[in-house]
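Participant: Could you have a look at this structure, given as structure tokens, before my questions?
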Amino acid sequence: MVKADPIPAEVRERIHRVAAELYAKSGYQSLPALDDVRKCANVDMNVASLVLKEWRKIQPVSPEPLGSKLPAPVEEAGLAAIDAVWLHAQQFANQHLRAAQAGWQTEREELDALRAELAEAFERQAAELDATSQQLSMVLALNARQQQELERAAPRLDESASRLGETETRLVTVERELGETHEKLAQSYDDVRALRQQCDELRKECDGLRKQQAQLQEELRVQRSDKESAHRAVASLRQQLQAAGGGNPAGQVGAPEAAQDSNESNEIEAVAYGQSVSSRLATSSRAADLIVRSR
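In terms of this note's numbering, the numbers along the sequence shown are unbroken and rise by one, the last being 1729.
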């Protein structure tokens, strides 16, 4: 059985009043239906079922038992046998009537319980239907918002696709330029290798020129030493000639002066050659520096 919640007295009285009115309208021939009572009393099915069940228990739903007084025709007949048969028939009828009333009461209770369960199931199903309807409304609203967002995002998607196409075109251009740059870089590597070879050759040449310069400096040093020795010899010879004081001094002095001029000429040529070698060495050094800087 379903345990009922406390029912207000006002609701209980209203249901009793409505049930009594409906019972009176039927001429006390049939008990009022549960759905009619629920509609007229404006209550839910479960409350109407519980209160109507109580109301039915207090109603005289059975016919009055047969009285103990004999009918007039029987009483006039004065037959004792008929009186005894009537008494037994009265007891038998009353016994079957009480049994039928008990069966009707049991069946009514079972029907009330079934109606309460049906009412509860109806209320529960109605609540579930309302919840499902609300969820469906939410889903439809969400679908509509997503559709609007998709429509707003469509232009941005088209713009993104256009930008992607431009980016791919630029990427192809950059790849082509990168390939050209790689080719130029490979050519530059070849040029650098050639310049390195030239630099190595110039360095070798510089080394040779430095050696030649060192040799020329050594020769120049020797020539200067010889020149100094010649100057000392000429000075000594002049002193000897001046001390002797005879003969042709001019003619005697001419030979040393000629020797001195020859030595000076050799020295000038050596200096000029050394300057030429130094100039070439400086040029080679500058070229080597330029090659190294251009790496």
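Even glycine gets a Cβ: it sits at the ideal position worked out from N, Cα and C.
1. Using DSSP with H/G/I as helix, E/B as strand and the rest coil, what is SER1460?
2. Touch check for the stretch 1472-1482 and the stretch 1445-1452: three-plus C-beta pairs under 8 Å?
3. Give the straight-line distance between the Cα atoms of ARG1610 and PRO1589, rounded to the nearest whole angstrom.
4. Roughly how many angstroms separate the alpha carbons of THR1601 and ALA1587, rounded to a whole number?
5. Please look up how many angstroms separate the CB atoms of LEU1468 and LEU1456, rounded, as I've assumed it's under 8 Å.
6. How long is the line joining the alpha carbons of GLN1569 and ALA1575, rounded to whole angstroms?
7. Assuming the contact rule is C-beta atoms closer than 8 Å, ARG1490 and ARG1542 should be a hit. Round their C-beta distance to whole Å, please.
8. Determine, using beta carbons only, whether PRO1440 and ALA1453 come nearer to each other than 9 Å.
9. Between which two residues does the alpha helix (DSSP H) carrying ALA1475 extend?
10. Roughly how many whole angstroms lie between the Cα atoms of LEU1584 and ASP1592?
11. Identify, in the order they occur along the chain, each residue of the same chain with its Cβ nearer than 7 Å to the Cβ of ALA1475, setting aside the five sequence neighbours on each side.
12. Considering only their Cβ atoms, is the gap separating ARG1714 from LEU1643 smaller than 9 Å?
Facilitator: Concretely, from the data shown:
1. Counting from one through the sequence shown, the residue named residue 1460 turns up at place 26. Here SER1460 sits in coil by DSSP.
2. Counting Cβ pairs under 8 Å, three or more are found: they touch.
3. Your numbering for residue 1610 matches position 176 in the sequence shown. Your numbering for residue 1589 matches position 155 in the sequence shown. Distance between the alpha carbons of ARG1610 and PRO1589 is about 32 Å.
4. Position 167 of the sequence shown, counted from the start, is the residue given in the question as residue 1601. Position 153 of the sequence shown, counted from the start, is the residue given in the question as residue 1587. When rounded, the separation of the alpha-carbon atoms in THR1601 and ALA1587 is 21 Å.
5. What you label residue 1468 is simply residue 34 of the sequence shown in a count that begins at 1. What you label residue 1456 is simply residue 22 of the sequence shown in a count that begins at 1. The Cβ separation is near 11 Å, so there is no contact.
6. Position 135 of the sequence shown, counted from the first residue, corresponds to residue 1569. Position 141 of the sequence shown, counted from the first residue, corresponds to residue 1575. The alpha-carbon atoms of GLN1569 and ALA1575 are separated by roughly 10 Å.
7. The residue you call residue 1490 lines up with position 56 of the sequence shown. The residue you call residue 1542 lines up with position 108 of the sequence shown. Indeed, because the Cβ distance is near 7 Å, the residues count as touching under 8 Å.
8. Numbered from 1 along the sequence shown, position 6 holds the residue referred to as residue 1440. Numbered from 1 along the sequence shown, position 19 holds the residue referred to as residue 1453. PRO1440 places its beta carbon 9 Å or farther from that of ALA1453.
9. Taking the sequence shown and counting its residues from 1, the one referred to as residue 1475 is at position 41. Looking at the DSSP string, the run of the alpha helix (DSSP H) that includes ALA1475 is 1468-1475.
10. Locating residue 1584 in the sequence shown gives position 150, where the first residue counts as 1. Locating residue 1592 in the sequence shown gives position 158, where the first residue counts as 1. Using only the alpha carbons, I get a separation of about 12 Å.
11. Taking the sequence shown and counting its residues from 1, one reaches residue 1475 at position 41. ARG1448, ILE1449, VAL1452 and ALA1482.
12. The count along the sequence shown starts at 1 and reaches residue 1643 at position 209. The count along the sequence shown starts at 1 and reaches residue 1714 at position 280. Contact flag set, yes.
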